[in-house]
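Here's the structure, in structure tokens; my notes come after.
Number of protein chains: 2
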Amino acid sequence: MRKVYNYAAGPSMLPEEVLLEVQRDLLDYKGSGMFVGEMSHRGKWYEEIHNEALSLFRELMGVSDDYYVLFVQGGGSTQFEAVPLNLLSEENGKKADYIVTGNFANKAYKEAVKYGDIACVATSKDDNFSYIPDVDSVEYRKGTDYVHITYNNTIYGTRYTKLPPVNNLVADMSSMILSEPVDVSKFKVIYAGAQKNLAPAGLTIVVVRKDIVDNGTPLPFCPTMLKYKTQADANSLYNTPTSFSTYVAMLNLRWLKKFGGVKEIEKQNIYKAGLLYDILDESKFYKGASRKECRSMMNVAFTTPSPELDAKFVKEATENGMVSLKGHRAVGGIRASIYNAMPVEGVKKLAEFMKKFETENK
Amino acid sequence: MRKVYNYAAGPSMLPEEVLLEVQRDLLDYKGSGMFVGEMSHRGKWYEEIHNEALSLFRELMGVSDDYYVLFVQGGGSTQFEAVPLNLLSEENGKKADYIVTGNFANKAYKEAVKYGDIACVATSKDDNFSYIPDVDSVEYRKGTDYVHITYNNTIYGTRYTKLPPVNNLVADMSSMILSEPVDVSKFKVIYAGAQKNLAPAGLTIVVVRKDIVDNGTPLPFCPTMLKYKTQADANSLYNTPTSFSTYVAMLNLRWLKKFGGVKEIEKQNIYKAGLLYDILDESKFYKGASRKECRSMMNVAFTTPSPELDAKFVKEATENGMVSLKGHRAVGGIRASIYNAMPVEGVKKLAEFMKKFETENK
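One line per chain: the protein sequences are A and B, in this order. Quick note, the numbering used here runs 1 ahead of the 1-based positions in the first sequence. Quick note, the numbering used here runs 1 ahead of the 1-based positions in the second sequence.
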């Protein structure tokens, strides 16, 4: 059992058995005599890791042959620009719709505005992003190249429970990738920084429909390194990859497969989130930051009756081995990020602490 | 002593004591109860690592306050575009000169051509990049925004021993950073992927003169994530950094400081390279790939009398615990990359093997 539970929004916890394997093999991966991070990315040792990570991701995420899976660098922030640069089409007037449900959704929107005719067709800004707009009543424009959503919003603890009824979706799935089943066929592009649910920061995953890469034309000034075709043509080895992150991703994907895959981990995620939301629902002391119908399973944000008690909560939790619980400044209060790798025991410990804290401070 | 010596061109060897420390602290960094790759990049644990790595790099590289040191993602390949996007000035006609001394120098040149009035003012392509052109006889154009060089060329084993006599240099130092003293004040920008001399792949270091960032205007379509100002304004924490690579870089920089710094490691690098070049000079069996006056201290490339013997050399070396010695396809033969972290013992072992192989096969 870990001596500390880490509720950080990302980077965040990795499964203990994954870390133990990394530690065991650190100076000698499978008899190679090398640390994975020292290996040539053109050699057989790394190529096996690279290809297993790609193929396990494809299997667990349910990605069909109609899509490329790319391992790139630069984080979600780089994809905020890569998406419009690759998808906006001069012929169609470079049109895309965005639904703005938080800080990162807004960043994605603002970056895209530079490149074309971009509209924010819905937002929940009016209530500090505490909800997801009703996707069925949004007026999507005709002839757009894509509609962009941020599937899970870490800061506010919200998530889409229903997808916009369009056939050209793009989604930032950084904070929920592989935590619940997703019908990939509904998306043109899915992207995710790996540092929340998969691996140490550095690795970014892009799932992109093959026809977009093979037949599309990126905007003329799109940098080579941001073009999806660059890595699609090179099996994500155009340049030196973030090999250590890919290695940990591979171990993590093996762990997830052994766990039973995404459907099984979703059950555990529902259970884990429920342990905390039940307390919020029963309590008059705590107040959840997001509306019930769109609660995130990955990030549970809430407040106590006062900022002083919020700070006391975070301080005492830290003293009890529960760290990084401070809420984002946009919401304040407390945020518990409970990604796939957060053990049930870690959520139970927090739940018990919440009850005890309420009793002592109400 | 490592059971395998790894002569890969990058990623490449890391100091054993660095890896042992990573292994020891893997699940519990300094009592935090966390792996460094799990920590919030906004928390105190990681911030200390981040700032120590930045400040040790500055100290060991001798970077004055006139420069920003940036930790970014995307590798040297991304800098091939970031450099022209940040430095080319519309007012000056977007002019830059490139000296093309190999594969990566050529890639940098080709990416830049897309963005402005770019000239290849010198190249050693006529003799398969086996030398560095005489920098004093090059006709640099007037009014350029910069002159770009690739300081060390891994594939061919060449390096600049004299700098072009201009005051607006930009250098790719990926394969020699911190291996010998460099007068930073002669450069507008220095960039380097970390995976050869510093850390696992993912981290890229940019040293850029402050006036360029503070007063310059990137080309209008430069992506936010490629603008130097984005990370300069955020102490390289605009988005989630490659925290594990930064951590290993910090440990490696501590190791280099303890070693005595760059001047001391240069002495060892001269000695190590000399052990191999002496054999090439005394032998009629081996032939060096680069001319004597511009030999790399990091990459020693050579051939035996035939491709068959080259292959036999690589095979037998591998069987003897010396791996990744196969030369790049552009040169063929054998390449031994002996970066800072390659122990003297590793070079001696290779030198002895070379002598034995010559005796047995000539």
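Just so it is clear, CB atoms sit at the ideal spot from N, CA and C, and this is done for glycine as well. On a predicted model such as this, the values are computed, not experimentally measured, just so you know.
Item	Value
Proximity of residue 33/A and residue 46/A at Cβ, strictly below 8 Å	yes
Which of helix, strand or coil DSSP assigns to residue 209/B	strand
Residue 135/B - DSSP class collapsed to helix/strand/coil	coil
Sheet register partners of residue 159/A (DSSP bridge)	154/A, 296/A
Cα-Cα separation between residue 8/A and residue 190/A, rounded to whole angstroms	29 Å
Rounded separation between residue 106/B and residue 4/B - CA only	35 Å
Residue 198/B, buried or exposed, once every other Cβ within 10 Å from all chains shown has been counted against 16	buried
Beta-carbon proximity list for residue 112/B, same chain, < 6 Å, skipping 5 on both sides	81, 82
Same chain, Cβ closer than 7 Å to residue 314/A, five either side skipped, listed in chain order	305, 335, 358
4 or more residues per run - each alpha helix (DSSP H) lying fully within the region 44-111 of chain A	45-62, 76-88
Chain B contact for residue 74/A (CB, 8 Å cutoff)	yes
Beta carbon proximity, residue 42/B to chain A, threshold 8 Å	yes
Beta-carbon proximity check, residue 324/B vs residue 302/B, cutoff 8 Å	no
Test item: CB-CB of residue 15/B and residue 229/B under 8 Å	no
Cα-Cα separation, residue 210/A to residue 69/A	6 Å
CB contact check: residue 216/B to chain A, cutoff 8 Å	no
Residues within the region 112-145 of chain B neighbouring chain A, beta-carbon criterion of under 9 Å	112, 115, 116
Buried or exposed (CB count within 10 angstroms, at least 16 for buried), residue 291/B	buried
Range covered by the alpha helix (DSSP H) that runs through residue 278/A	263-283
Residue 373/A: first and last residue of the uninterrupted alpha helix (DSSP H) it sits in	Since the first residue of chain A shown is 2 and the last is 363, residue 373/A is not available in this structure.
Nearest-angstrom Cβ-Cβ length linking residue 61/B and residue 262/B, presumed shorter than 8 Å	6 Å
Which listed residue (143/B, 122/B, 194/B, 26/B) has its alpha carbon closest to that of residue 153/B	194/B
Boundaries of the alpha helix (DSSP H) in which residue 189/A is found, first to last residue	Run containing residue 189/A: none in the alpha helix (DSSP H); it sits in the beta strand (DSSP E), 188-194.
Test: residue 4/B CB closer than 8 Å to a CB of chain A	yes
Cross-chain neighbours of residue 232/B in chain A, by beta carbon under 8 Å	Within chain A, no residue comes near residue 232/B; the closest Cβ sits about 11 Å away, beyond 8 Å.
Classification of residue 168/B by the beta-carbon crowding that lies within 10 angstroms, buried from 16 upward	exposed
Segment limits, alpha helix (DSSP H) that includes residue 311/B	308-320
Within-8 Å CB hit, residue 246/A to chain B	yes
Proximal residues, the region 187-213 of chain B versus chain A, C-beta separation under 7 Å	194, 196, 201, 202, 203
Validate contact between the region 120-134 of chain B and the region 245-258 of chain B using beta carbons, cut 8 Å, 3 pairs	no
C-beta atoms of residue 88/A and residue 178/A nearer than 8 Å	no
Chain-ordered chain B contacts of residue 299/A [CB-CB under 8 Å]	Within chain B, no residue comes near residue 299/A; the closest Cβ sits about 15 Å away, beyond 8 Å.
CB contact flag (residue 225/B, residue 218/B, <8 Å)	no
Contacts around residue 52/B, its chain only, beta-carbon distance under 7 Å, and the 5 residues preceding and following it disregarded	none
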